[in-house]
Amino acid sequence: MMQLPKTGVPRDELFSRMRARKAEDADWRGGRTWSLIYPAGPEVDAILREANELYLHENALNPFRFPSLRQMETEVVAMTAGLLRAPEAADGAMTSGGTESILMAVKAARERARAERGVAAPELLAPSSAHPAFAKAATYLGLKHVQIPLRSDFRADVAAAARLINESTALVVGSAPNYPFGVVDPIPELAALAAERGISFHTDACLGGFLLPFYERLGADVPPFDFRVPGVTTISADVHKYGYCTKGASVIVHRDGEHLRRYQLFVHRDWPGGIYGSFSMAGARPAAPIAAAWAVMNYLGEEGYGHLAGRVRQTTEKLQAGIRSIPGLRVWGEPVMSVMAFGSEELDIMAVGDVMDDRGWCLDRQNGPDALHIMVSPEHAGVADAFLGDLSAAARNHGSSRGKAARYS
Ligand SMILES: Cc1ncc(COP(=O)(O)O)c(C=O)c1O
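Under the working numbering, read the sequence shown as residues 1 to 409, first letter to last.
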């Protein structure tokens, strides 16, 4: 097992070793990586770098010691709530990412179901395409995880949801959009099923929260997903995805701010160290993601986000049309945003993926059905033609697959 070095490693050597190791990592700079990262260009990177550096050691656990963090967090939440069309009474909190926002949404729904309806054995009803964070939350928080099957268009089957919902359901979920196919679930219908029974409903807009509002402004046909939909009680939206922040920044918003304080907040008073209050899973919280989120949101503003959304939309349309025009390839479902999966009924799509790997493209694999997966960011505008050229060549000549399994993390 590796031991702590007896004496410190000099700075130059340290960084040269790190750079050597990093050479094996996916290089997001060239636009050849299609998920996990959301770079928005060197100007935005400079803002993020400076904000991260300004808040190197501060701790957001104690907002009274670092009031600037509380102020920025409040403003990030308010700006996000505004994008999601939340009413005045709404309130929310920042978390470290989509998964933590989802954990908190499930926790708040569980507490609400217990307090308002006496639910003792809570269930979580989520489409089978919902992010694994919901399965994780159900496991961590002791809920039964019930999956809603998908229809042939890869959206949640509302009739099946109606059969599966019951008096123990604590939370119903829909994605806007989901990760595997980029389609938006029938949120109004699912939220209505929940609302009729006094059940919480969560829209997972981790991916869409910072992009769909701008697609709508660009005139795109965006299915209803935000607080304008009756019955939606919470929404998660990740600043570290299409908000273009560095990692560690997500927002959860409650339609009713009282729910945040009553069901999400954890308070422990009986401790010699003093009162401990917290809105999320973490104890100590890094300040840099809050600062970076505030900085990038203010730097870009509506105009900047609108401009980047336009670029993402144009690139996505070009890629979709290009993929559809390659003989044998099919985009699964009708993705509404910038995320899609494509496969084939004739070609070995995993073998196509192998050829793309060999040509230096980092594409994720999926199964159910077999597919390659892409998530378009503003930096992909410059590589769309090269990607389509390589994909077309790979579809024509790909041999057989090396058998790489579908894997997300
Ligand atoms: C739809 C959706 N929800 C939730 C998450 C989880 O977010 P995170 O990876 O920030 O925890 C993701 C991540 O890609 C996602 O695509």
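Heads up, the beta-carbon is just placed ideally off N, CA and C, and yes, glycines get one too.
The structure displayed is predicted, hence computed values, not measured ones.
Reduced DSSP category for residue i - H, G, I as helix; E, B as strand; rest coil
{"i": "residue 375", "result": "strand"}
{"i": "residue 394", "result": "helix"}
{"i": "residue 217", "result": "helix"}
{"i": "residue 123", "result": "strand"}
{"i": "residue 342", "result": "strand"}
{"i": "residue 279", "result": "coil"}
{"i": "residue 170", "result": "strand"}
{"i": "residue 26", "result": "coil"}
{"i": "residue 134", "result": "helix"}
{"i": "residue 149", "result": "coil"}
{"i": "residue 92", "result": "strand"}
{"i": "residue 74", "result": "helix"}
{"i": "residue 158", "result": "helix"}
{"i": "residue 252", "result": "strand"}
{"i": "residue 144", "result": "strand"}
{"i": "residue 370", "result": "coil"}
{"i": "residue 188", "result": "helix"}
{"i": "residue 99", "result": "helix"}
{"i": "residue 354", "result": "helix"}
{"i": "residue 46", "result": "helix"}
{"i": "residue 326", "result": "coil"}
{"i": "residue 180", "result": "coil"}
{"i": "residue 237", "result": "strand"}
{"i": "residue 267", "result": "strand"}
{"i": "residue 246", "result": "coil"}
{"i": "residue 364", "result": "strand"}
{"i": "residue 387", "result": "helix"}
{"i": "residue 203", "result": "strand"}
{"i": "residue 33", "result": "strand"}
{"i": "residue 289", "result": "helix"}
{"i": "residue 175", "result": "strand"}
{"i": "residue 296", "result": "helix"}
{"i": "residue 106", "result": "helix"}
Nearest to residue i (by Cα), restricted to the options the options
{"i": "residue 442", "options": "325, 326, 320", "result": "Shown here, the chain extends from 1 to 409; a query on residue 442 therefore has no answer."}
{"i": "residue 356", "options": "399, 144, 338, 331", "result": "399"}
{"i": "residue 264", "options": "25, 95, 63", "result": "95"}
{"i": "residue 346", "options": "367, 395, 372, 200", "result": "395"}
{"i": "residue 309", "options": "325, 244, 406, 350", "result": "244"}
{"i": "residue 90", "options": "327, 330, 303, 256", "result": "256"}
{"i": "residue 225", "options": "135, 217, 216, 188", "result": "188"}
{"i": "residue 48", "options": "291, 306, 374, 406", "result": "291"}
{"i": "residue 126", "options": "169, 85, 6, 381", "result": "169"}
{"i": "residue 161", "options": "406, 191, 351", "result": "191"}
{"i": "residue 381", "options": "30, 21, 4", "result": "30"}
{"i": "residue 131", "options": "336, 384, 173, 142", "result": "173"}
{"i": "residue 32", "options": "202, 293, 359", "result": "359"}
{"i": "residue 104", "options": "254, 318, 322, 306", "result": "254"}
{"i": "residue 330", "options": "391, 144, 34, 314", "result": "391"}
{"i": "residue 24", "options": "374, 383, 385, 362", "result": "362"}
{"i": "residue 246", "options": "36, 62, 384, 6", "result": "36"}
With 16 other Cβ atoms within 10 Å as the buried cut-off, status of residue i
{"i": "residue 389", "result": "exposed"}
{"i": "residue 120", "result": "exposed"}
{"i": "residue 213", "result": "buried"}
{"i": "residue 46", "result": "exposed"}
{"i": "residue 155", "result": "buried"}
{"i": "residue 123", "result": "buried"}
{"i": "residue 92", "result": "buried"}
{"i": "residue 152", "result": "exposed"}
{"i": "residue 64", "result": "exposed"}
{"i": "residue 397", "result": "exposed"}
{"i": "residue 350", "result": "buried"}
{"i": "residue 107", "result": "buried"}
{"i": "residue 289", "result": "buried"}
{"i": "residue 203", "result": "buried"}
{"i": "residue 72", "result": "buried"}
{"i": "residue 159", "result": "exposed"}
Cutoff 8 Å; reference residue i; Cβ partners in own chain excluding five residues on either side
{"i": "residue 238", "result": "97, 98, 101, 206, 207, 209, 210, 249, 250, 251"}
{"i": "residue 44", "result": "244, 296, 299, 300"}
{"i": "residue 76", "result": "94, 239, 249, 251, 290, 293, 294, 297"}
Same chain only: Cβ atoms within 6 Å of residue i, ignoring 5 sequence neighbours per side
{"i": "residue 369", "result": "343"}
{"i": "residue 316", "result": "338, 376"}
{"i": "residue 268", "result": "276"}
{"i": "residue 266", "result": "278"}
{"i": "residue 402", "result": "354"}
Same chain, Cβ closer than 7 Å to residue i, neighbours up to 5 away in sequence not counted
{"i": "residue 378", "result": "40, 41, 308, 311, 312"}
{"i": "residue 129", "result": "150, 154, 175, 178, 180, 181"}
{"i": "residue 58", "result": "66, 69, 287"}
{"i": "residue 164", "result": "125, 146, 148"}
{"i": "residue 85", "result": "226, 227, 228"}
Margin query: Between the segment 295 to 309 and the segment 105 to 114, can you find at least three pairs of beta-carbon atoms closer than 8 Å?
Written below: Counting C-beta pairs closer than 8 Å gives fewer than three between the segment 105 to 114 and the segment 295 to 309, which falls short of the contact rule.
Note to self: For the pair the segment 174 to 194 and the segment 275 to 284, tell me if three or more CB-CB distances fall below 8 Å.
What the structure shows: no
Next item on the list: Determine contact between the segment 350 to 365 and the segment 285 to 295, defined as no fewer than three beta-carbon pairs at a distance below 8 Å.
Entry: Touching, no, given that fewer than three Cβ pairs across the two stretches are closer than 8 Å.
Notebook entry, point to check: Quick one: any contact between the segment 215 to 230 and the segment 54 to 64, if contact means 3 or more CB pairs under 8 Å?
Noted result: no
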